[in-house]
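If you count by this note's numbering, then the sequence shown holds residues 67 to 355, one letter each, in order.
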Amino acid sequence: MPLYIAREAPKLWRKICTEASAEVSLLSENWKFLLAGLFFQYVHGLAAHGVHYIHRPGPTLQDAGFFLIPEIGQGKAYMSESIFNFIFFSFILWTFHPFFFQSKRIYTVLIWCRVLAYLVGCQILRIITFYATQLPGPNYHCREGSKYARLPPPESALEVILINFPTGMLYGCGDLIFSSHMIFTLVFVLTYQKFGTRRCIKQLAWLFAIIQSLLIIASRKHYTVDIVVAWYTVNLLVFFVDKKLPELPDRSSASTSPPLLPLSTKDKDTKNKEEHNKILNGNSVDVTY
Numbered sequence: 067m068p069l070y071i072a073r074e075a076p077k078l079w080r081k082i083c084t085e086a087s088a089e090v091s092l093l094s095e096n097w098k099f100l101l102a103g104l105f106f107q108y109v110h111g112l113a114a115h116g117v118h119y120i121h122r123p124g125p126t127l128q129d130a131g132f133f134l135i136p137e138i139g140q141g142k143a144y145m146s147e148s149i150f151n152f153i154f155f156s157f158i159l160w161t162f163h164p165f166f167f168q169s170k171r172i173y174t175v176l177i178w179c180r181v182l183a184y185l186v187g188c189q190i191l192r193i194i195t196f197y198a199t200q201l202p203g204p205n206y207h208c209r210e211g212s213k214y215a216r217l218p219p220p221e222s223a224l225e226v227i228l229i230n231f232p233t234g235m236l237y238g239c240g241d242l243i244f245s246s247h248m249i250f251t252l253v254f255v256l257t258y259q260k261f262g263t264r265r266c267i268k269q270l271a272w273l274f275a276i277i278q279s280l281l282i283i284a285s286r287k288h289y290t291v292d293i294v295v296a297w298y299t300v301n302l303l304v305f306f307v308d309k310k311l312p313e314l315p316d317r318s319s320a321s322t323s324p325p326l327l328p329l330s331t332k333d334k335d336t337k338n339k340e341e342h343n344k345i346l347n348g349n350s351v352d353v354t355y
């Protein structure tokens, strides 16, 4: 085993370097899109913090989901967050898998350009809706009597700009329709549904999305309408944005990086014939976004 690792480690390192070189080239062409998408994440957080100042606690609204799904209590509210964090970090790791695995279909930079385009579109709609109508928050810290239910006027502009981090991020109120957690979850699941390769993981991802939806309602973090609106809004927006954006190049049949394991003579001949046929047919891969 140590001998195998010592033999394969240089190949893996060369692969990482080759992949990094390709990604850096794409990053130099698309960094403005990535930067704009990342900056809008701050704008979205700033808007969510701003609506907290005008939030007014009140009686919890009548909600079908609250009648159908038992309340799990404040002590178990972490359950939905745990599933969300698992989906979130699993997706990030998957977007970087081309650096380490031979079988790949995506470029990391291009997939994040697309994901951020989805997120920004959904978040713009979300900001419009939760500023249009402020509902009394059903979460425990948003109810009457909680010190976080009402925010006093800011003492300085810096308090607003810094979003009162991290308290402002953890105890926000008023940004209800529609759920931000479901935006991220559905965008990640839909992206893997289109560009992922493992059918079992796709099915598991949709199952996690459904479970998270139910747990968010059970922990009273959102009303049912926040979840329902997220499900159809995100799916529709991703569908229409996909129609406007160019298709990502499929790398599964056009990878230029050397395999981690040596090819047999038969495999080499087959690969050479495929590459020769592609050249004759004029097929190429466009990696620009």
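No residue lacks a Cβ here, since even glycine has one placed at the ideal position from N, Cα and C.
All values derive from a computational prediction rather than experimental measurement.
Extent of the continuous alpha helix (DSSP H) to which residue i belongs
i	result
Cys356	No answer is possible for residue 356: the residues shown for the chain start at 67 and end at 355.
Phe254	246–261
Lys309	290–310
Glu147	144–161
Arg192	174–198
Ala130	130–134
Exposure label - residue i; buried when at least 16 CB within 10 Å
i	result
Asn205	buried
Pro324	In this prediction, Pro324 has a pLDDT of 40, which is less than 50 and means its spatial position is unreliable; what the coordinates show is noted afterwards. Result: exposed.
Val278	It is worth fixing the name first, because residue 278 is Gln in this sequence and not Val. Result: buried.
Thr199	exposed
Asp292	buried
Pro125	exposed
Leu61	Outside the modelled stretch of the chain, which goes from 67 to 355, sits residue 61, for which no answer is possible.
Cys208	buried
Lys98	exposed
Residue i in three-state terms, based on DSSP
i	result
His207	helix
Gln107	helix
Asn230	coil
Pro164	helix
His118	helix
Pro76	helix
Gly141	helix
Of the listed residues the options, nearest to residue i (C-alpha basis)
i	options	result
Val255	Leu242, Ser246, Phe274, Phe167	Phe274
Ala143	Ile282, Gln269, Glu95, Phe165	Ile282
Asn96	Ala271, Trp178, Val295	Trp178
Thr299	Ile190, Gln140, Glu85, Pro232	Ile190
Ala183	Pro136, Leu101, Phe167	Leu101
Ser245	Leu185, Phe231, Ile267, Thr263	Leu185
Ala296	Ile243, Arg122, Val109	Ile243
Distance, residue j Cα to residue i Cα
i	j	result
Gly187	Ala215	29 Å
Phe105	Leu228	14 Å
Ser91	Phe152	30 Å
Phe162	Leu78	14 Å
Val294	Ala130	12 Å
Ile172	Ser156	16 Å
Ser212	Leu303	36 Å
Phe166	Ile82	6 Å
Tyr197	Val117	7 Å
Ser321	Ser146	Low confidence applies here, because Ser321 scores a pLDDT of 44, under 50, leaving its location unreliable and the question unanswered by this model.
His115	Val307	27 Å
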